[in-house]
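Enquirer:
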Ligand code: GDP
Ligand code: GDP
């Protein structure tokens with residue numbers, strides 16, 4: 001399915017090229033460097049808070065007949081509008097409306113293509129006047145924007161979504177924004193093992209690496225006390241080799257320090273590991289169960305937006321294994337209410353049991369942590385979720401939830417648009433977040449929801 005097409009229209013100098021660059025992003029804006037390019041249509045792929053479309057810049061068409069629309073500019077605009085799903089009509093909010101703006105508006109009012117008026121250069125107060133004038137164009141409510149400063153993009157998203165939502169590419173989850181799934185698989189999995197002293201971290205790392213140990217030394221984001229180890233993990237199911245970069249935070253200092261000091265350092269180590277890692281394995285000791293310190297480390301990992309796996313080590317010497325496992329499962333769900341159903345595995349660093357499953361789970365959770373849900377699919381899910389359980393009306397006043405978009409990956413972050421969102425109860429936000437995780441395949445990855453009330 002082709003991307004929907006959006007065309008930018010406006011008189012010279014209102015900021016069309018700047019807006020184009022802003023929407024296309026730095027990667028494709030390189031096109032800008034090609035000589036003569038501003039004389040032609042510049043077409044780029046735009047990505048706005050999870051909405052995908054192609055964007056056509058008409059800058060540079062205006063020169064000859066700039067004073068009069070029926071000239072070359074009108075012809076060009078007409079041609080460009082033909083294939084467009086939507087036109088952004090840009091005005092300069094600082095300069096206010098000019099006769100040429102009025103003329104373009106007259107022409108656009110006759111067009112069947114949906115128009116969104118963009119009052120650009122609206123940063124600060126200097127744009128207020130032009131913004132108010134733009135209401136009078138009769139082309140709907142203008143969106144106040146600063147292309148140069150990147151302000152107002154969420155409002156632009158909100159204005160575009162109803163027009164472009166149904167034209168979004170189909171239901172496939174996308175992994176990275178800029179890299180494809182292969183790239184994700186080629187990039188080493190950055191994995192950290194954290195846990196209290198004597199949980200078996202060093203033993204586990206040695207068991208994983210066997211003789212393949214390869215020290216890569218300190219690098220950015222890794223403390224002096226940490227070592228990054230590059231390693232190839234062989235998937236036992238497929239025989240495929242996959243790169244892993246393991247961080248060993250505790251290994252080095254351990255010999256020098258007494259245990260009660262180490263206990264305190266476990267949290268500090270976890271912090272360092274989190275800076276580095278995509279996925280963190282919290283290692284528990286089967287002979288001690290889940291302790292307060294473990295929950296503290298787990299919360300820290302989740303607060304920092306990293307994907308978390310819990311592994312119960314020393315399974316070879318666990319008493320009453322199934323009661324232990326169920327007890328830890330219940331305690332995790334209770335103690336970490338923000339993420340129910342974390343991956344929980346039983347392993348033995350000593351015998352090697354469960355280690356391949358653990359690494360496999362880490363790759364899976366990274367894929368979920370890295371993925372993007374297309375806006376169309378997300379909003380179909382959203383409508384259904386609201387249908388099943390409508391938002392409450394505190395004090396008899398309705399809270400209106402309008403759209404949701406995934407604005408971020410790694411970790412996934414969602415933005416919810418609506419009115420009176422300050423009154424939206426936490427329980428309802430949790431309902432949405434849990435639904436996103438369950439229904440859209442984020443599993444136990446921490447998902448963030450930001451609320452954005454319309455003015
Ligand atoms: P175009 O001719 O419509 O493509 O306009 P350009 O994108 O070339 O921008 C014209 C001028 O307006 C440039 O000097 C930009 O730096 C400036 N400009 C663009 N966007 C903004 C904005 O949001 N705020 C302000 N203050 N200036 C802007
Ligand atoms: P660290 O402080 O977390 O790095 O823990 P170590 O790797 O030094 O292990 C602490 C103790 O637990 C050592 O005596 C290990 O031999 C033992 N240990 C580690 N893993 C296992 C395991 O899977 N099973 C058993 N029975 N003992 C283990």
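Residue numbers (UniProt numbering): 1 to 455. Built from N, CA and C at the ideal position, the CB exists for glycine as well. These numbers were taken from a predicted model, which means no experiment stands behind them.
My output table needs one value for residue 438: the three-state DSSP class, helix, strand or coil.
Expert: helix
Enquirer: Report buried or exposed for residue 9, applying the criterion of at least 16 other Cβ atoms within 10 angstroms of its Cβ.
Expert: With 16 or more other Cβ atoms within 10 Å, it is buried.
Enquirer: Who pairs with residue 323 in a beta bridge, going by DSSP?
Expert: For residue 323, which the question treats as bridged, DSSP gives no partner whatsoever.
Enquirer: For residue 185, tell me which candidate among 136, 205, 232 has the shortest Cα-Cα distance.
Expert: Looking at the Cα atoms, 232 is the closest of the given residues.
Enquirer: Curious, which full-length beta strand (DSSP E) runs of at least 3 residues does the segment 79–117 contain?
Expert: 86–92
Enquirer: With a threshold of 7 Å, establish whether the CB of residue 142 neighbours any heavy atom of ligand 1.
Expert: no
Enquirer: Using DSSP bridges, identify the partner residues of residue 417.
Expert: 403, 452
Enquirer: Find out if the Cβ-Cβ distance for the pair residue 160, residue 48 is shorter than 8 Å.
Expert: yes
Enquirer: By alpha-carbon positions, which one of 167, 162, 360, 6 ends up nearest to residue 189?
Expert: 360
Enquirer: Against chain D, does residue 45 count as a neighbour if the rule is that its beta carbon must be under 8 Å from one of theirs?
Expert: Within the model displayed, chain D is absent; a lone protein chain is all it includes.
Enquirer: On a CA-only basis, which of 346, 447, 12 is nearest residue 97? Give me that one, please.
Expert: 12
Enquirer: What are the boundary residues of the beta strand (DSSP E) that residue 351 is part of?
Expert: For residue 351, there is no enclosing beta strand (DSSP E), as DSSP gives it neither H nor E.
Enquirer: Report yes if the CB atom of residue 404 is closer than 8 Å to the CB atom of residue 371, and no otherwise.
Expert: No, the pair does not count as a contact, with Cβ atoms beyond the cut-off.
Enquirer: Can you tell me whether residue 278 is buried or exposed, with buried defined as 16 or more other CB within 10 angstroms of its CB?
Expert: buried
Enquirer: Please report the straight-line C-alpha distance between residue 377 and residue 200, rounded to a whole angstrom.
Expert: 43 Å
Enquirer: Can you find the residues in the same chain that come closer than 8 Å, C-beta to C-beta, to residue 411, ignoring five residues on each side of it along the sequence?
Expert: 305, 306, 307, 369, 445, 446, 447, 448
Enquirer: Between which two residues does the beta strand (DSSP E) holding residue 47 run?
Expert: Unbroken beta strand (DSSP E) run through residue 47: 42–48.
Enquirer: Between residue 324 and the rest of its own chain, which residues show a CB-CB distance below 6 Å, the 5 nearest in sequence each way excluded?
Expert: Closer than 6 Å at the Cβ level, and outside the excluded window around residue 324, lie 318.
Enquirer: Find the nearest neighbour of residue 90 within the set 53, 133, 311, 438, judged by alpha-carbon distance.
Expert: 133
Enquirer: Which of helix, strand or coil does DSSP assign to residue 143?
Expert: The three-state secondary structure of residue 143, taken from DSSP, is strand.
Enquirer: With a Cβ-Cβ cutoff of 8 Å, do residue 18 and residue 148 count as a contact?
Expert: Contact: yes.
Enquirer: Nearest to residue 394 by CA position, among 426, 381, 387, is which residue?
Expert: 426
Enquirer: Taking DSSP as the reference, what is the three-state secondary structure of residue 334?
Expert: helix
Enquirer: What did DSSP end up calling residue 28 once you bin it into helix, strand or coil?
Expert: Because residue 28 carries a pLDDT of 42, less than 50, the predicted location of this residue cannot be relied on, and the following value inherits that uncertainty. In the structure shown, residue 28 sits in a helix (DSSP, three-state: H, G or I).
Enquirer: Applying the 10 Å Cβ sphere with the 16-neighbour rule, what's the burial state of residue 135?
Expert: It is exposed - the Cβ of residue 135 has fewer than 16 other Cβ atoms within 10 Å.
Enquirer: Among 272, 303, 330, which residue has its Cα nearest to the Cα of residue 290?
Expert: Nearest option by C-alpha distance: 330.
Enquirer: In whole angstroms, what separates the C-alpha of residue 386 from that of residue 392?
Expert: 10 Å
Enquirer: Quick check on residue 237: does DSSP put it in helix, strand or coil?
Expert: Residue 237: coil per DSSP, three-state reduction.
Enquirer: Here's a check: name, in chain order, each residue in its chain whose Cβ is nearer than 7 Å to the Cβ of residue 109, leaving out the five neighbours to either side.
Expert: Excluding sequence neighbours, residue 109 sits near 138, 139.
Enquirer: Quick one: grab the DSSP three-state call for residue 14.
Expert: coil
Enquirer: Based on Cα-Cα distance, which residue from 338, 158, 301 lies nearest to residue 406?
Expert: 158
Enquirer: Reducing DSSP to helix, strand and coil, say where residue 243 ends up.
Expert: strand
Enquirer: Looking at the secondary structure, which residues open and close the beta strand (DSSP E) in which residue 190 lies?
Expert: 189–194
Enquirer: Where DSSP assigns a beta bridge to residue 318, which residues make up the other side?
Expert: Answer is none; residue 318 lacks a bridge partner.
Enquirer: Please classify residue 292: is it buried, with 16 or more other beta-carbons within 10 angstroms of its beta-carbon, or exposed?
Expert: Within 10 angstroms of the beta-carbon of residue 292 lie fewer than 16 other beta-carbons, which makes it exposed.
Enquirer: With a cut-off of 8 Å on the beta carbons, I'd call residue 312 and residue 365 a contact; round off their distance for me.
Expert: Actually they are not in contact, since the Cβ atoms of residue 312 and residue 365 sit about 17 Å apart, beyond 8 Å.
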